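Numbering-wise (the working numbering), the sequence shown opens with residue 36 and increments by one.
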Amino acid sequence: MCRYIAEGRKYTKCDHFVRLNVLALFDCGLRSCERSIKHPKNCTSNQCTSTLGPEIQKPIVTYDELCWACQSASKRPSLS
């Protein structure tokens, strides 16, 4: 499976990664992957993979706190 290479912010308290930019598409080199350069243009097989694998995350900055979504969720009043 081919994968996006993304850079972004890493939050250590919740272990979330917030993508800022996609740098490239990592080519897996498999003939059975529709997104690979090795996949034949005239392929008619329904067995080929069309989905991407998990992105490769490259943190450009790391914060020792919760991401904004987790901060917001922790401030919501409980329903009980």
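Virtual Cβ for every residue (Gly too), placed ideally from N, Cα, C. This structure is a prediction, so every number in the text was calculated from the model and none was measured.
The shortest C-alpha to C-alpha distance from residue 40 to any of 111, 48, 61 is the one to 61. A straight-line Cα-Cα distance of about 15 angstroms links residue 96 and residue 103.
In this structure residue 78 is exposed. Its beta-carbon is surrounded by fewer than 16 other beta-carbon atoms within 10 angstroms. 8 angstroms or more divides the Cβ of residue 83 from the Cβ of residue 49. Per DSSP, residue 106 lies in no beta strand (DSSP E) segment; the continuous alpha helix (DSSP H) that holds it begins and ends at 103 to 110.
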